[in-house]
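For the sequence shown, position 199 (counting from the first letter as 1) is numbered 413 according to our numbering, and the numbering increases by one without interruption. The C-beta atom is built at its ideal place from N, Cα and C for all residues, glycine as well. The next block holds one structure in the form of structure tokens; read it before the comments.
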Amino acid sequence: MSLGDDISVVMITMNEELAVGKVVSDIRHAVPDAEIVIVDSSSDQTPAIAAKLGAKVIRQFPPQGYGRAMDLALRSASRAVIVTMDCDDTYPVDRIVPMANMISAGNWDIVDGSRLKHKPAAMPWINYIANRAFALLASMLFAMRLTDLHSGMRAYRRSAISQVPYYPTGAALPVELLLLPIRLGYRVTSVFIPYSERIGVSTLQPLDSAKWTLKRILSSRFGRIQYDGLKANHT
Numbered sequence: 215m216s217l218g219d220d221i222s223v224v225m226i227t228m229n230e231e232l233a234v235g236k237v238v239s240d241i242r243h244a245v246p247d248a249e250i251v252i253v254d255s256s257s258d259q260t261p262a263i264a265a266k267l268g269a270k271v272i273r274q275f276p277p278q279g280y281g282r283a284m285d286l287a288l289r290s291a292s293r294a295v296i297v298t299m300d301c302d303d304t305y306p307v308d309r310i311v312p313m314a315n316m317i318s319a320g321n322w323d324i325v326d327g328s329r330l331k332h333k334p335a336a337m338p339w340i341n342y343i344a345n346r347a348f349a350l351l352a353s354m355l356f357a358m359r360l361t362d363l364h365s366g367m368r369a370y371r372r373s374a375i376s377q378v379p380y381y382p383t384g385a386a387l388p389v390e391l392l393l394l395p396i397r398l399g400y401r402v403t404s405v406f407i408p409y410s411e412r413i414g415v416s417t418l419q420p421l422d423s424a425k426w427t428l429k430r431i432l433s434s435r436f437g438r439i440q441y442d443g444l445k446a447n448h449t
């Protein structure tokens, strides 16, 4: 088996032309045979740069929001293990294979790459405090030590995540992609990873993200799940 032929690395992009070339090239160097899937909602040269470097680019324009873009990215991956990343050079490509191997070995369904062993220098204090507070709340509600609900770097068993009835609309989808599988009995663990300064300008909307984070924590723990095929609405 060649390095990465069971791995899909998926990202969503919006005007990341300053970073996308480096990130895709770094992934290709670290995992030569991985599938790279990008769902793009850019108005700049991001999709052209990514496609030239061999990524599978799926256009979602006009933009439909983070959740819808990530849902499409996850559904578009074809390999047994899906690793999500942000396309801003904040996450370590050298952790893709170790995290994916934890899935391939059969021990875990989801491996969360937690940025919060300590406060990262690249993370503003207000973001760090909010992240720790939400993680503490979730830890109490789910009776499991959780440190980072919002990490953009995770490894998922594709056959598992395809059956999780998450709600794709809205911000803070990574929160639900972590907590709802815990509630449903999937095998979830975390590893600490470094977190670097981003290339480019963040598009995060803190108040909207905080609102959706709390909503997703509570709905993942207490919401009624109504299955519709492999997906569901839970409120």
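Can you tell me which of the options puts its alpha carbon nearest to the alpha carbon of residue i?
i: V245; options: P306, I272, S255; result: P306
i: S423; options: I407, F406, L387, A335; result: L387
i: L288; options: K425, I221, R430; result: I221
i: E390; options: I407, I439, Y342, T227; result: I439
i: N229; options: H243, I413, K425; result: I413
i: V238; options: Q278, S216, C301, I343; result: C301
For residue i versus residue j, is the C-beta distance shorter than 8 Å?
i: A265; j: G218; result: no
i: A349; j: L360; result: yes
i: S353; j: R329; result: no
i: M337; j: Y409; result: yes
i: I324; j: Y280; result: no
i: T427; j: L363; result: yes
i: R397; j: N321; result: no
i: I252; j: L351; result: no
i: I226; j: R309; result: no
Using the Cβ count rule (16 or more neighbours within 10 Å means buried), how would you classify residue i?
i: L421; result: exposed
i: G437; result: buried
i: E411; result: exposed
i: W339; result: exposed
i: T383; result: exposed
i: P276; result: exposed
i: M358; result: exposed
i: G399; result: exposed
i: N447; result: With a pLDDT of only 43 at N447, under 50, the local geometry of the prediction cannot be trusted, and no value is derived from it.
i: I375; result: buried
i: A335; result: exposed
i: A283; result: buried
i: A319; result: exposed
If you drop the 5 nearest sequence neighbours on each side, which residues of the same chain put their C-beta closer than 6 Å to that of residue i?
i: L394; result: V378, Y380, S434
i: I317; result: V295, A369, R371
Near residue i, what residues of its chain come up, given a Cβ to Cβ distance below 7 Å and the 5 sequence neighbours on each side ignored?
i: P261; result: D254, V271, R273
Using a Cβ-Cβ cut-off of 8 Å (strictly less than) and excluding sequence neighbours within five positions of residue i, which residues of its own chain qualify?
i: E231; result: S256, D258, Q259, T260, I263
i: A291; result: S222, V224, E249, V251, R372
i: V311; result: L217, G218, I221, A244, V245
i: I241; result: V223, A248, I250, M299, V307, I310
Relative to the ligand NAD, is the shortest distance from any of its heavy atoms to the C-beta of residue i smaller than 7 Å?
i: E390; result: For the structure depicted, the ligand NAD is absent and the ligand set is empty, with no information on it obtainable.
- Item | Contact between the region 303 to 321 and the region 264 to 281 (3+ Cβ pairs under 8 Å) | The answer is no - the region 264 to 281 does not touch the region 303 to 321, with fewer than three Cβ pairs under 8 Å.
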